[in-house]
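For reference, the structure is listed below as structure tokens.
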Amino acid sequence: MPLPTALLDRLKKRGIIAEQQSQVEVYAEHKRSENSKNDDFELENQSENKKGAPGCPNKWNEFHKCVEFCFDHWREGASEDQLPEIYLLKRKECLRKYPLPDNWKEVYDQGIRRYYYWNFYTDEVSWFPPRHPRAVITISGPQASSIFYEELEKEQASKVAANSKNSKRRKRDDDREDRRRDPMTRDDSDEEVELSDRDKLRRAKRRGIDPMDPAAYGDNVPVGGWATGINREMAEAADDSVSGALFEKRPYPAPGAILRKNMNP
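The sequence shown begins at 5 in my numbering and counts up by one.
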């Protein structure tokens, strides 16, 4: 809540407001510097985590992602002094036959306990010198692992978004169907949904109506049999005054005569 104008002027004359503002500015500057240091520390930790734990022997595996256990358990790995002498002799002989080209550097891996070769321009690596016939130049294991898990996270995020969208659509359709079926929640202004023949048959089946009954297809047709609505008292068109073989040979009236007779009983 702001201070009254008169009180604010008196506080300014006494120097109280200016002192408070300066203290706030110093505190804000201190918080900004702390946040900047924390951000730099987090960026540095993220960069180290992408490279993997120094002593982890599984960094070469692109499906491995170093976690806190790798840093605590493997620590700094093995030093170069612990390498066997025969390995060092073979390494020197290999470098003598296949010297490193420009932009390539030999790097020791404490976790694998052997040397690899790194192109510091293209950031590519190889277990053998680049000119060796068995050399396979590729990106490093931590880089491949980082790319793999980033793609995996993007794919999972897209699946979650798609599932959420589909669930919302299904819920919206279910709510619309419930409102359409429930006469208590249906508004008079809602448009009447025209059902197909298949939907009408399903509705008749739910209501227990014979599919051959006209009420199964009509909206305002009463349920009944085929004889429902027929006038039982109207005269029959057939001549039943004869029997036997003559009954089969009796003349049948024309359809128009039947209709005229029914209209004028």
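The beta-carbon is built from N, C-alpha and C at its ideal position, and this holds for glycine as well.
Reference residue i; option with closest CA among the options
| i | options | result |
| --- | --- | --- |
| residue 79 | 66, 111, 205 and 116 | 116 |
| residue 137 | 260, 178, 101 and 180 | 101 |
| residue 76 | 86, 68 and 58 | 58 |
| residue 145 | 207, 112, 166 and 69 | 69 |
| residue 87 | 121, 124, 112 and 107 | 112 |
| residue 109 | 14, 134, 91 and 267 | 134 |
Buried or exposed (CB count within 10 angstroms, at least 16 for buried), residue i
| i | result |
| --- | --- |
| residue 140 | exposed |
| residue 175 | exposed |
| residue 225 | exposed |
| residue 63 | buried |
| residue 161 | exposed |
| residue 56 | buried |
| residue 91 | exposed |
| residue 13 | exposed |
Between the CA atoms of residue j and residue i - distance to the nearest angstrom
| i | j | result |
| --- | --- | --- |
| residue 81 | residue 74 | 10 Å |
| residue 163 | residue 170 | 10 Å |
| residue 60 | residue 84 | 15 Å |
| residue 132 | residue 158 | 34 Å |
| residue 28 | residue 10 | Only weak support is given to the placement of residue 28: the predicted model assigns it a pLDDT of 48, under 50, and the question is left unresolved by the model. |
| residue 201 | residue 215 | 11 Å |
| residue 222 | residue 199 | 10 Å |
| residue 211 | residue 217 | 12 Å |
| residue 259 | residue 180 | 50 Å |
| residue 125 | residue 107 | 6 Å |
| residue 97 | residue 147 | 30 Å |
| residue 51 | residue 105 | With a pLDDT of 48 at residue 51, under the threshold of 50, the modelled position of that residue is not reliable, and the figure given next carries that caveat. Going from the Cα of residue 51 to the Cα of residue 105 covers about 28 Å. |
| residue 227 | residue 208 | 10 Å |
| residue 184 | residue 177 | 10 Å |
| residue 213 | residue 182 | 22 Å |
| residue 121 | residue 130 | 5 Å |
| residue 204 | residue 220 | 6 Å |
| residue 264 | residue 206 | 40 Å |
| residue 123 | residue 89 | 26 Å |
| residue 94 | residue 150 | 33 Å |
Whole-angstrom C-beta distance between residue j and residue i, which should lie under 8 Å
| i | j | result |
| --- | --- | --- |
| residue 152 | residue 66 | 6 Å |
| residue 142 | residue 128 | 7 Å |
Near the ligand ATP: residue i beta-carbon under 6 Å from a heavy atom
| i | result |
| --- | --- |
| residue 137 | With respect to the ligand ATP, the structure shown offers nothing to examine, as it has no ligands at all. |
Counting only runs of 3+ residues fully inside the region 62 to 132, write out the beta strand (DSSP E) ranges in chain order.
Listed in chain order, they are 108 to 113, 118 to 123 and 128 to 130.
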